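Numbering (the numbering used here), first residue to last: 2 to 96.
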């Protein structure tokens, strides 16, 4: 299984991650806490210590880049399964 994970971690997921700005990456990190099932936009804002309105530009940027989508009102989710785990692995890895 490690081999199956290492290939996307070496190319597919990093290329998506690198398209995101710093503020967009913060948004993605907060979403990753919920896994691939999706996140409540209010909870994401709360974790980041700001309002949903202030996060609008980051959220819009991520949507336009195809990194997230809104499956229903007030919710956001990763467009690719496994992205949350990839982000979590980046921050769980020893320095």
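Cβ atoms here follow ideal geometry from the backbone N, Cα and C, with glycine treated the same way. Fair warning: this is a prediction, and the values are worked out from it, not measured in the lab.
- Judged by DSSP in its simplified three-state form, residue 76 adopts strand.
- Here residue 78 is buried: its Cβ has 16 or more other Cβ atoms, across all protein chains shown, within 10 Å.
- Assignment of residue 41 by DSSP, reduced to helix, strand and coil, places it in the strand class.
- With distances taken between CA atoms, residue 90 lies nearest to 34 out of 34, 68, 42.
- Sequence-distant Cβ neighbours of residue 88 in its own chain, meaning closer than 7 Å and more than five residues away, are 29, 30, 33.
- The alpha-carbon separation between residue 14 and residue 66 amounts to approximately 13 Å.
- Around the beta-carbon of residue 25, 16 or more other beta-carbon atoms lie within 10 Å, marking it buried.
- Residue pairing by DSSP places residue 92 in no beta bridge whatsoever.
- With respect to residue 53, residue 62 sits apart: the two C-beta atoms are not nearer than 8 Å.
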